[in-house]
Amino acid sequence: MIVSECSPRQLRSLLRRTGLCIRTGPFICRIQSPLPEIAQTLADYYAQFPLLPEGTFADMELRIFAGRRLRRWIRPQAICQCEDQIPFYPQPRGLAPALLEWGLNWAVTNLAHWYLMVHGAVLERHGKALLLSAKAESGKSTLAAALTLRGWRLFSDEIALIRLADSQLVPLARPICLKGPSIELIRRQDQQGLVGPTVADPVRGGIALVRPTAESVSRMEEPAPVGWVVFPEFTPGAATQWTPLAKALAFIRLADNSFNYSLLGTTGFQTLAALLDQAQGCYKFRYSNLEEAIDWLEHLAD
Amino acid sequence: MSAVSNLQWRWAAGVSLTFYAWQEEPFVLVFQPASGDTHLLDRLSGEVLCLLGCQPRTMQEVWQQLLAQTGLAAEELPLDRLEKILGQLEQLELIERVSA
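Top to bottom, those sequences are chains A and B.
Take 0 as the starting number for the first sequence in numbering that gives the first Met the number 0 and just add one per residue.
Take 0 as the starting number for the second sequence in numbering that gives the first Met the number 0 and just add one per residue.
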């Protein structure tokens, strides 16, 4: 059964009562929420995701609920709870869908230590994965969205999930979270209707989610070896520029961008080394023009 | 013989190291499980560290061994360069001095 086979009423009821169990990549997530906008988000962005029976053991549990007391009515807020922790400050209620994504990311990076996890976007084409690793504000979600619109298979826009056994990249296939000016940039190229409405967010200049393609979801059990490791850096006004990087230097950058490299000890070291063994090339990549950037990344993969 | 020439170098007590390098690159990655640190070393420093993992050696012995292994002439690898490398590895707490 998939989420779209549930009526809106059933979705709302499940979310309110026992929670909705969905599978995203290798994880089973139980989501509970009395908020209708969370039900709508799941209907809109997770329609093709597998829905699991009530009572299924979940790898992670997430609750999104309304702010308490006056915060239900005055500047309403939404709160995210993962397991028994509240990892973020309450957010404006309109950001509840984004809070769901941030909460799921938080849960994965804090709980799934049977993977090596690196801060980065991952996409696949012709059987090889492109790992775009960078910290926040470097444009990796924008690049991931633009490549998704060009037919690349989306693994994740935020977390590169690396399997310890063979260093293959594992898909999550969840929606991309776009912020600020990149939303309209991507929306202009979107002929498939993947970009959702923009939600006001004064801090980030607006937020919009991008639906993963049906192919990304239907093939979310298929991992891929890395083909290229790219460290993007969005620099306003900069010419498109790429510089090959030694694998040992790429290793240090990836370790630095990892959520749990240190925690995994020698296994983390060996997993990352094996990942880079598979890579055909590693690059530093500076850009400001999205079209040029995408052309170069596509050229890399062809 | 002076005290200095009797001084030997070895991996620091309790240190076990994992090495990784790509053939065409001038770097060696060294992972130290006890501290969780990953070090990026040049090839020569990696070679020195590797030699000291086999057995404690004086600087002279390391130097002789390096010259034999690499085929470098003595003037291409001056002793003061080796001394500097040993000092850097000591600072990283990867090696320590012991009396022979």
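We treat Cβ as the ideally placed atom computed from N, Cα and C, and that holds for glycine.
In this text, all values refer to a predicted model and were calculated from it rather than measured experimentally.
- Note on the segment 68-148 of chain A: whole beta strand (DSSP E) runs with a minimum of 3 residues are 76-81, 114-124, 127-132, in chain order.
- Taking 8 angstroms as the upper bound on Cβ-Cβ separation, chain B lies near residues A245, K246, A247, L248, F250, I251 of the segment 236-251 of chain A.
- Taking CB atoms only, B/G35 has a neighbour in chain A less than 8 angstroms away.
- A/I85 sits exposed, since fewer than 16 C-beta atoms from the chains shown fall within 10 Å of its C-beta.
- Rounded to the nearest whole angstrom, the CA to CA distance from B/Y19 to A/Y114 is 21 angstroms.
- Within 8 angstroms of the CB of B/T17, the CB atoms of chain A belong to T265, F268, Q269, in sequence order along the chain.
- A distance below 6 angstroms between beta-carbons, with the five flanking residues on each side excluded, links A/S32 to the following residues of its chain, in chain order: L14, I63.
- Neighbours of B/E46 in chain A, taken as residues at a C-beta separation under 8 angstroms, are lacking, since the least C-beta distance is about 15 angstroms.
- Contacts between B/W10 and chain A, judged by CB atoms closer than 7 angstroms, are missing: the closest CB pair is about 16 angstroms apart.
- Under the DSSP assignment, A/F268 falls in the alpha helix (DSSP H) whose first and last residues are 260-277.
- A/A38 and A/G226 have their C-alpha atoms spaced approximately 37 angstroms apart.
- Residue state for A/D294 is assigned as helix, using DSSP reduced to three classes.
- When the Cα atoms are used, A/L244 and B/W21 turn out to be separated by approximately 12 angstroms.
- Cβ-Cβ distances below 8 angstroms link A/R149 to I293, E297 in the same chain, with the five nearest sequence neighbours on each side left out; the list follows chain order.
- In this structure, A/L94 and A/A42 do not form a Cβ contact; the two beta carbons are roughly 18 angstroms apart against a cut-off of 8 angstroms.
- Looking at the backbone, the Cα of B/L81 and that of B/G70 are separated by about 15 angstroms.
- In the structure shown, B/S15 adopts coil according to DSSP, grouped into three states.
- Looking at A/I251, A/E221, A/T239, A/I1, the one whose alpha-carbon comes closest to that of A/V228 is A/I251.
- In the structure shown, A/C5 adopts coil according to DSSP, grouped into three states.
- Under the Cβ distance rule, B/L28 counts among the residues neighbouring chain A, one pair being separated by less than 8 angstroms.
- When the five nearest sequence neighbours on each side are left out, the beta carbons in the same chain lying within less than 8 angstroms of the beta carbon of B/L85 are those of W8, V47, M58, V61, I94, in order along the chain.
- For B/L39, a Cβ of chain A is located within less than 8 angstroms of the residue's own Cβ.
- Following the DSSP letters along the chain, one finds B/E46 inside the alpha helix (DSSP H) bounded by residues 42-53.
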